[in-house]
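Numbering (UniProt numbering), first residue to last: 1 to 246.
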């Protein structure tokens, strides 16, 4: 892990490396163990996403005002791509063993999340903010160019699913930019959700009110140490709270 952190990794292997670095896969896991774990994580994510979609069916599709022609076109393309993927999945020949395993995993996930409840007002508010932030997220990156613009809709689903199942954190501005980087590197909705969730287990406080307040205090202390004249100037103008950095 230290070699990966300090020396970097080639782009083709970067996604797998991130799954280890951020905790989606245990470092000691074998290829077979990772394959079985990934099946479980795929099913759990799909069950989680389906649960909030059924709870708020009106929020399944992003609300666009029609002025963003590129994103409107991307939405249509994204819906077609999703429909084709579902049709392809239905026509794929699967062994009885694989079908039974996926049925068991889905039942297991349904039981796991059965008692999860949503606060409708809080979730709707989170979705409202997400729908404002997502359309303007990293659209200068190649990953979100042309047909890739539909990846913003994948990002939206990830953020809503996270907010729905982590109400103590929900969604805060800035999480979209962070999660976007995961999606660009991993290029997988499921892997992005779980790697992002593992990251947030350690750093979710930074997106809560107490964490934001703590960071402002640290910024003030740092500026006071590094540039006392500027800090004194801000204090003189009653700006020592540093809320302008929020």
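All C-beta atoms, glycine included, are put in the ideal place defined by N, C-alpha and C. None of these values were measured; they are calculated from a predicted model.
ask   = For residue 129 versus residue 173, is the C-beta distance shorter than 8 Å?
value = Along the chain shown, one-based indexing puts residue 129 at 129. Along the chain shown, one-based indexing puts residue 173 at 173. Yes, the pair counts as a contact, with Cβ atoms nearer than the cut-off.
request  = List the whole-angstrom C-beta distance separating residue 183 from residue 154, where the pair is believed to meet the contact cut-off of C-beta under 8 Å.
outcome  = For the purposes of this step, residue 183 is taken as residue 183 along the chain shown, with counting starting at 1. For the purposes of this step, residue 154 is taken as residue 154 along the chain shown, with counting starting at 1. So it is a contact: roughly 7 Å between Cβ atoms.
request  = For the region 25-109, list the alpha helix (DSSP H) runs that are entirely contained and at least 4 residues long, ordered along the chain.
outcome  = 31-55, 69-91
ask   = Can you give the beta carbon distance from residue 49 to residue 157, rounded, assuming they're within the 8 Å contact cut?
value = The residue labelled residue 49 in the question sits at position 49 within the chain shown. The residue labelled residue 157 in the question sits at position 157 within the chain shown. That pair is a contact at about 6 Å.
key: Terminal residues of the alpha helix (DSSP H) in which residue 131 lies   = One-based indexing of the chain shown puts residue 131 at position 131. Segment 120-133, the alpha helix (DSSP H) holding residue 131.
inquiry  = Mapping the DSSP letters down to three states, classify residue 161 as helix, strand or coil.
reply    = Taking the first residue of the chain shown as 1, we reach residue 161 at position 161. Here residue 161 sits in helix by DSSP.
ask   = Taking the alpha carbon of residue 146 as the point to measure from, which residue in 161, 95, 75 has its own alpha carbon closest?
value = Locating residue 146 in the chain shown gives position 146, counting from the first residue. The shortest C-alpha separation from residue 146 is found at 75.
inquiry  = If I follow the unbroken alpha helix (DSSP H) through residue 116, where does it start and stop?
reply    = Mapped onto the chain shown, residue 116 falls at position 116. Counting along the chain, residue 116 falls outside any alpha helix (DSSP H), and DSSP gives it neither H nor E.
message = Can you tell me whether residue 67 sits near the ligand ADP, meaning its C-beta is under 7 Å from at least one heavy atom of the ligand?
response = Ligands displayed in this structure: none; no statement on the ligand ADP is therefore possible.
message = Am I right that residue 242 and residue 221 are in contact with their C-beta atoms under 8 Å? What's the rounded C-beta distance?
response = The residue labelled residue 242 in the question sits at position 242 within the chain shown. The residue labelled residue 221 in the question sits at position 221 within the chain shown. About 10 Å separates the two Cβ atoms, so there is no contact after all.
ask   = Which of helix, strand or coil does DSSP assign to residue 240?
value = For the purposes of this step, residue 240 is identified with residue 240 of the chain shown, where counting begins at 1. Coil at residue 240, not helix or strand.
query = Can you name, in chain order, every residue of its own chain whose Cβ lies under 8 Å from the Cβ of residue 195, other than the five neighbours on each side?
reply = The residue labelled residue 195 in the question sits at position 195 within the chain shown. Correct list, in chain order: 18, 19, 22, 23, 24, 182, 186.
inquiry  = Judging by CA-CA distance, which residue of 133, 161, 163 is the nearest neighbour of residue 152?
reply    = Residue mapping note: residue 152 aligns to position 152 of the chain shown, counting from 1. Closest by alpha carbon: 133.
task = Please state whether DSSP places residue 138 in a helix, a strand or coil.
result = Locating residue 138 in the chain shown gives position 138, counting from the first residue. Residue 138: coil per DSSP, three-state reduction.
query = If you draw a straight line from the alpha carbon of residue 13 to that of residue 29, how long is it in whole angstroms?
reply = Residue numbering aside, residue 13 sits at position 13 when the chain shown is read from its first letter. Residue numbering aside, residue 29 sits at position 29 when the chain shown is read from its first letter. Each residue's alpha carbon lies about 17 Å from the other.
query = Measuring CA to CA, which of 239, 98, 86 is closest to residue 35?
reply = Within the chain shown, the letter at position 35 stands for residue 35. Selected option, being the one with the closest Cα: 98.
Rounded separation between residue 52 and residue 161 - CA only = Your numbering for residue 52 matches position 52 in the chain shown. Your numbering for residue 161 matches position 161 in the chain shown. Taking the straight line joining both Cα atoms gives about 7 Å.
key: As assigned by DSSP and simplified to three states, the class of residue 217   = Position 217 of the chain shown, counted from the first residue, corresponds to residue 217. Residue state, collapsed to three classes: helix.
key: As assigned by DSSP and simplified to three states, the class of residue 167   = On the chain shown, position 167 is the one that residue 167 refers to. DSSP places residue 167 in coil when its eight states are reduced to three.
ask   = With DSSP run on the structure shown, which of helix, strand or coil describes residue 150?
value = Counted from its first residue, the chain shown places residue 150 at position 150. If DSSP states are grouped into helix, strand and coil, residue 150 belongs with the helices.
Cβ shell of residue 198 (< 7 Å), same chain only, five flanking positions each side left out = Within the chain shown, residue 198 is the residue found at index 198, counting from 1. Taken in chain order, the residues that qualify are 22, 23, 24.
query = Beta-carbon separation of residue 47 and residue 106 under 8 Å?
reply = Taking the chain shown and counting its residues from 1, the one referred to as residue 47 is at position 47. Taking the chain shown and counting its residues from 1, the one referred to as residue 106 is at position 106. Yes; because the gap between Cβ atoms is below 8 Å, this pair is in contact.
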